[in-house]
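Worksheet for the structure shown next.
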Amino acid sequence: MTEQLRLMAVHAHPDDESSKGAATMAKYVSEGVDVLVATCTGGERGSILNPKLQGDPYIEEHIHEVRAKEMDEAREILGVKQEWLGFVDSGLPEGDPLPPLPEGCFALQDVEEAAGRLVELIRTFKPQVITTYDENGGYPHPDHIMTHKITMVAFEAAGDPERYPGTGGPWQPQKLYYNQGFNRPRTVALHEALLARGLESPYGEWLERWKDFGRPERTLTTYVPCAEFFEIRDKALIAHRTQIDPDGGWFRVPMDVQREVWPTEEYELAKSLVDTSLPEDDLFAGIRNN
906 MTEQLRLMAV
916 HAHPDDESSK
926 GAATMAKYVS
936 EGVDVLVATC
946 TGGERGSILN
956 PKLQGDPYIE
966 EHIHEVRAKE
976 MDEAREILGV
986 KQEWLGFVDS
996 GLPEGDPLPP
1006 LPEGCFALQD
1016 VEEAAGRLVE
1026 LIRTFKPQVI
1036 TTYDENGGYP
1046 HPDHIMTHKI
1056 TMVAFEAAGD
1066 PERYPGTGGP
1076 WQPQKLYYNQ
1086 GFNRPRTVAL
1096 HEALLARGLE
1106 SPYGEWLERW
1116 KDFGRPERTL
1126 TTYVPCAEFF
1136 EIRDKALIAH
1146 RTQIDPDGGW
1156 FRVPMDVQRE
1166 VWPTEEYELA
1176 KSLVDTSLPE
1186 DDLFAGIRNN
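In this note's numbering, the protein residues as written are 906 to 1195.
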């Protein structure tokens, strides 16, 4: 295949691209693939999760600008392109009963209308492959679920010249994947490997809660080898300094253990318009050399 390969990753907030599939993106960038992150919201209602930065009045007052700068830094580290879709963060409602979502937020938009912005970006960038979240959002954040919804509509609509007139000529992506990096087999493997080495595991309580969640196991179809890019992934994630504590549990698994025990990032093939054999080790399987 002589045509440029292009990958689009559709995410809800700045930082999601660095915690979900970042090593995969860095790997493809190193191979000459054109990679674009579409970020649906600005993360305006995100909490400051790094305890070292909590209570900083400047950050609290300028969280939108701060998170945009963090995204710029992460984008440079990963070597990807990035575009904002311009929706407003819905926040994560908490309480019982849950409070209503804020007026005008992303999760309250009309799905068909909101998908138009993504259709235009797809028709402009022309990706063969798109990644996003499953119907549960990966976890049930309203913005993640909405990201899934508009991506499903846009995947189908972008190639139809009758839909979304005025957003560019039709372009039909060939494959759509759900990020499934937070899967139970990976978590169990790392947990057991740490214990076998006499090391403390950050996953014990997580695995116990997994049972309580009653979360169904997803079908992992695609394992992308990208261990040599795990450090780039971590640097990109740390760039989102309001959202991640570099001394927190996220980084407690030694890099050599990660690379040895679980050297891939995982995906679930949701739609494919090309023939491919499962399991895959390449998001472009069936597209390369066709």
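The beta carbon of each residue, even a glycine, is placed where N, CA and C say it ideally should be.
All figures in this text were calculated on a predicted structure; none of them were measured in a lab.
Where residue i falls, given that 16 or more other Cβ within 10 Å makes a residue buried
i, result
"G1239", "In this structure the chain extends from 906 to 1195, so residue 1239 is not present and cannot be described."
"L1142", "buried"
"S952", "exposed"
"Y1108", "buried"
"D1065", "exposed"
"Y1044", "exposed"
"D1186", "exposed"
"G1153", "exposed"
"K852", "Absent from the structure is residue 852, since the part of the chain shown begins at 906 and ends at 1195."
"P919", "buried"
"R950", "buried"
"T1124", "exposed"
"R980", "buried"
"V1016", "exposed"
"L1174", "buried"
"D921", "buried"
"Y963", "exposed"
"D1001", "exposed"
"E1105", "exposed"
"Q909", "exposed"
"K957", "exposed"
"R1022", "buried"
"P1078", "buried"
Spatial distance of residue i from residue j (CA atoms)
i, j, result
"E889", "P1075", "Here the chain comprises residues numbered 906 to 1195, so residue 889 is not present and cannot be evaluated."
"R1193", "P1004", "48 Å"
"A1190", "T1181", "6 Å"
"Q959", "E966", "12 Å"
"L941", "L1081", "14 Å"
"K1116", "R1028", "42 Å"
"G937", "A931", "10 Å"
"L912", "D1161", "28 Å"
"F1118", "L1112", "10 Å"
"G1103", "W1167", "18 Å"
"C945", "T929", "20 Å"
"C1010", "A1019", "11 Å"
"T1092", "H1049", "22 Å"
"E999", "A917", "18 Å"
"V1179", "T1127", "15 Å"
"Y1083", "V934", "19 Å"
"I982", "K1140", "7 Å"
"K1031", "S923", "22 Å"
Opposing strand residues paired with residue i [DSSP bridges]
i, result
"Y1069", "Answer by DSSP bridge pairing: none, since Y1069 is not bridged."
"T944", "H916 and W989"
"T1037", "Y1083"
"Y1172", "N1084 and T1127"
"R911", "D939"
"S1177", "K1080"
"E1061", "DSSP, once it has assigned bridges, lists no residue as partnering E1061."
"E1185", "T1127"
Quiz item: Are there three or more Cβ pairs, one per stretch, closer than 8 Å when the region 970–981 is compared with the region 1125–1138?
Solution: no
Exercise. Spell out a yes or no on whether the region 1092–1099 and the region 1054–1073 are touching, meaning 3 or more CB-CB pairs, one atom from each, closer than 8 Å.
Key: no
Practice problem: May I have a chain-ordered list of the beta strand (DSSP E) segments no shorter than 3 residues that lie completely inside the region 1100–1143? | Solution: 1127–1130
Practice problem: Please go through the region 999–1023 and give each complete beta strand (DSSP E) segment of 3 or more residues, from N-terminal end onward. | Solution: none
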